[in-house]
Structures are given as structure tokens and as C-alpha cells.
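Please read the structure below before turning to the comments.
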Amino acid sequence: MRKIIIIIAALLAVSNLANAQKYYNKVKLATTEDSVSYCIGFLMAKNFVDQGWDFVKTDALAKAFSDVTSNKTLAIDEDRVKDILNTYIEKIETEKAEKAKKAEREFLDANAKDPEIKVTESGLQYRVVKEGNGKHPTDTSAVRVQYEGKLIDGTIFDSSFDTEEPVEFNVDNLIPGMTEGLMLMSEGAEYIIYIPSELGYGSYSPAEIIPEHSTLIFDIELIQVIDRIQEDDDMEFDFSDYDIEND
-7 MRKIIIIIAA LLAVSNLANA QKYYNKVKLA TTEDSVSYCI GFLMAKNFVD QGWDFVKTDA
53 LAKAFSDVTS NKTLAIDEDR VKDILNTYIE KIETEKAEKA KKAEREFLDA NAKDPEIKVT
113 ESGLQYRVVK EGNGKHPTDT SAVRVQYEGK LIDGTIFDSS FDTEEPVEFN VDNLIPGMTE
173 GLMLMSEGAE YIIYIPSELG YGSYSPAEII PEHSTLIFDI ELIQVIDRIQ EDDDMEFDFS
233 DYDIEND
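Counting with our numbering, you get residues -7 to 239 for the letters of the sequence shown.
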């Protein structure tokens, strides 16, 4: 492991782009250990990219590897490392959350100005595509629906239209915005429902594809109000149960 870490540190230490490219082009995966080392480097870099950690400085990262593996005096005391890291990450996450909240406010404010958009007292927004003429669900009903869920940037995170059968679930097992939206509809209706994050998942990310503080947009068709589904454990409906794409 020590050898592998030193190899990774050496690669990271080549911070000049031109020199790095020349160096990397000479690296050959000739042995199993070479391949394992490459895989470890890949996982590290992939984790940084996935986390959005574009602030990581490879030369400082390489120095830390070198100092630890060579038993050198640390540039930062070990007992301060976690505090420094946690404080910075908390700062990054706070900035990220504020940016998401700002984008959500701007979207919902602009959307509410559309004359076809209706806004409820809770802040839920919806557009009637087609009114139905059947029964209205209550919070003790179950429903059979078809739907597609997406984010304000158009990213589709879930869709029942990809399946052969409509989806059935209890109305009160849903996020609050979906429960409210469905209870506005009647059988045969088609609505577009805009769920603010405070009526959705809030600061929680239920899947990688759905960030914190996300407005959720659902194109939904209420096919039928049905008898309540009996469940052993009544749990809030999680849209990740229906093939949310996490990649």
C-alpha cells in the first residue's frame, strides 16, 4: 500500500500541465500493481469530480501524501486536519445551498407570472393541461397514475411512461407537494405540478440526480382513484423506487 500511495503522490506532484502530459504518456500499466494503482487514482479523482471539489490543489495534495508516507513533519498538525476540512466543506455546501435556493426562487417567481399557472396557499404551482370528470382522491385514497418527473433544468429523474403499466400508490405516502397536487385533480385529469423544495425533499437529496433544494416538476395523469393499498409498513413513497437514474 505504501508503494501504491507513493506512486499516486508522484503522479499528483507533476502539476505543470505540459510536463504532466508527457509524464503520464510514459506511464505503462505493465503489472497488476500498476493497474491497481491506476484504479485507486481513478477512484480518488472521480470522487473529487463527483463531489464538485474543483478547489483541490494537486501540488498540496501530493505534498500531504509525501509527508505522511515519508514520516516527515506535517505542514498542518494532524489534530487540526478534520476541523479545517469540515469547516471548508461546510462553507462550500452552504454556498451551494444558497445558489440552489436563489435559482429556485427565481424560477418559481417567473413561473408564477404565467397566466396559466395557478398557485396554492402552500406555494404549490400547477398548470391544468386537461381537466378530468371523475372522482377526486383524498388523503386516504390510492391512485393509479402515469407521470414524468424532472428538474427546472429539464433533467428527467423519473418516468412511469417507460413502463408498461401505470403506477399505483397511497396518496398520503407521497411528498407533501405531490399529495396536495393529486388532491386537486380528478380522474382523467392531466396537470403539470411544480413542487417547491419545501414541499418536496427540502435540504435532503433522495438520489444523486436530485440535488438539495430542488424544485420538482411532474407531468402527471390521474387515471383512476382506487382503494387504499394495504402495506405492512406505511412508508413515504420514494421516487427512486421507480428507476431514478443515478448516473
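In this text, a Cβ means the ideal position worked out from N, Cα and C, and glycines have one as well.
Non-local C-beta neighbours of Val120 in its own chain, meaning closer than 7 angstroms and more than five positions away in sequence, comprise Tyr183, ordered along the chain. Restricting attention to beta strand (DSSP E) runs no shorter than 3 residues, the segment 124 to 178 encloses them at 134 to 142, 148 to 151, 159 to 162, ordered along the chain. For Ser152, the closest alpha carbon among the candidates Tyr30, Lys83, Tyr139, Asp164 is that of Tyr139.
Counting along the chain, Asp69 sits inside no alpha helix (DSSP H), nor does DSSP assign it H or E at all.
Counting only the Cα atoms, Pro158 lies some 10 angstroms from Val135. Among the bridge pairs identified by DSSP, Asp211 is matched with Glu140, Ile184. Tyr193 sits buried, since 16 or more C-beta atoms from the chains shown fall within 10 Å of its C-beta. DSSP places Lys20 in no beta strand (DSSP E); its state is neither H nor E. The beta carbon of Lys122 sits closer than 7 angstroms to the beta carbons of Ala181, Glu182 from its chain, once the five residues preceding and following it are set aside; these are given in chain order. The beta carbon of Asp219 sits closer than 7 angstroms to those of Ala134, all from its chain and outside the five residues before and after it, given in chain order. Around the CB of Ile167, 16 or more other CB atoms lie within 10 Å, so the residue is classed as buried.
The beta carbon of Gly124 sits closer than 6 angstroms to those of Ser178, Glu179, Gly180, Ala181, all from its chain and outside the five residues before and after it, given in chain order. By the Cβ-count criterion, Asp46 is exposed, with fewer than 16 other Cβ atoms from all chains shown falling within 10 Å of its own Cβ. By the C-beta density criterion, Pro107 is exposed, having fewer than 16 other C-beta atoms within 10 angstroms. Annotation: the continuous beta strand (DSSP E) that includes Val121 extends over 117 to 122.
Of the candidates Gln117, Leu176, Leu174, the residue whose Cα lies closest to the Cα of Thr207 is Gln117. Going by beta carbons, Ser114 and Leu174 fall outside the 8 angstroms limit. Secondary-structure assignment with DSSP links Ala199 through a beta bridge to Ile202. For Ile221, the closest of Asp26, Asp164, Ser58 by C-alpha to C-alpha distance is Asp164.
Rounded to the nearest angstrom, the Cβ distance from Ile68 to Ile81 is 16 angstroms, too far for a contact under 8 angstroms. Around the beta carbon of Glu156, fewer than 16 other beta carbons lie within 10 angstroms, which makes this residue exposed. Taking the C-beta atoms as reference points, Glu204 is found nearer than 8 angstroms to Ala89.
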